[in-house]
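For the sequence shown, the working numbering assigns the number 396 to the initial residue and increments by one for each residue that follows. Comments concern the structure below.
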Amino acid sequence: MTEKQKRFCDEYIIDLNATQAAIRAGYSPHTAKDIASQNLAKLNILAEINKKLAERSKRTGVNQDRVVRELAKIAFVNAADVIDDRDATVKPTATDDDRACIQSVKVKIMDGDKGSVEEREIKLADKVRALELLGKHLGMFKDKLDLTANVPVIISGSDELED
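Quick look at the structure:
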């Protein structure tokens, strides 16, 4: 593997954009798309990229299972288990998983005629989006419509067909 191909591998794992990785690795912007495609077709380069991705996953602790677990926390959290609806506070009985689903907490204190008034807002992470991402991961939603069918073809005409 050439030095430029090694740099391509390093650059590719940054954002998984092959064309940009080729440019950053030193290939010409005019040929970067073609070079990137050729590089990704080479088994030794693909193996190096996969090795680097696995190393990063191990180093950071980020992998598919962890991402799916985090999405599941958000998708299946029950707001009633997290938020006390009487005073808009986080319930003391909320679990760590429940609290991990909190996107933001806002507390606004306003001075009024009868003293200060406290306004609270607790926002949970987007449950619908988490469900959508989990559904896509599980193959529940198809972005493409598959229109394959077996259709007999009949050829007719005045000319006789030869065997």
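Beta carbons are placed, not taken as given, at the ideal position from N, Cα and C, and that holds for glycine.
Quick test of your reading: residue i and residue j, contact by CB under 8 Å. State the CB separation rounded to the nearest angstrom.
{"i": "PHE403", "j": "ASN439", "result": "Not quite, the Cβ-Cβ distance comes to about 12 Å (not below 8 Å), so this is no contact."}
{"i": "ALA525", "j": "ALA474", "result": "Not confirmed; about 13 Å, so no contact."}
{"i": "ALA413", "j": "LYS399", "result": "That belief does not hold up - the Cβ atoms of ALA413 and LYS399 are roughly 14 Å apart, past 8 Å."}
In angstroms, rounded to a whole number, what distance separates the CA positions of residue i and residue j?
{"i": "GLU527", "j": "LEU448", "result": "25 Å"}
{"i": "LYS537", "j": "ARG451", "result": "30 Å"}
{"i": "ASP479", "j": "ASP493", "result": "13 Å"}
{"i": "CYS496", "j": "ASN545", "result": "48 Å"}
{"i": "ASP405", "j": "ALA436", "result": "16 Å"}
{"i": "ARG481", "j": "PRO424", "result": "60 Å"}
{"i": "THR484", "j": "GLN459", "result": "32 Å"}
{"i": "SER551", "j": "LEU542", "result": "26 Å"}
On the criterion of 16 or more Cβ atoms from any shown chain inside 10 Å, does residue i qualify as buried, or is it exposed?
{"i": "LYS506", "result": "In the sequence on display, residue 506 carries Asp and not Lys. Exposed, because fewer than 16 other Cβ atoms sit within 10 Å of the Cβ of ASP506."}
Between the Cα of residue i and those of the options, spot the shortest distance and give me the residue it belongs to.
{"i": "GLU443", "options": "THR397, ALA483 and HIS532", "result": "THR397"}
{"i": "VAL472", "options": "LYS522, GLY534, LEU542 and MET535", "result": "LYS522"}
{"i": "ASP476", "options": "ALA489, LYS468 and VAL548", "result": "ALA489"}
Could you check whether the region 517-527 touches the region 489-503, counting it as contact only if at least three pairs of C-beta atoms, one from each stretch, sit closer than 8 Å?
yes
When you compare the region 410-429 with the region 463-473, are there three or more beta-carbon pairs, one atom per stretch, that lie closer than 8 Å?
Because the criterion of three Cβ pairs below 8 Å is not met, the region 410-429 and the region 463-473 do not touch.
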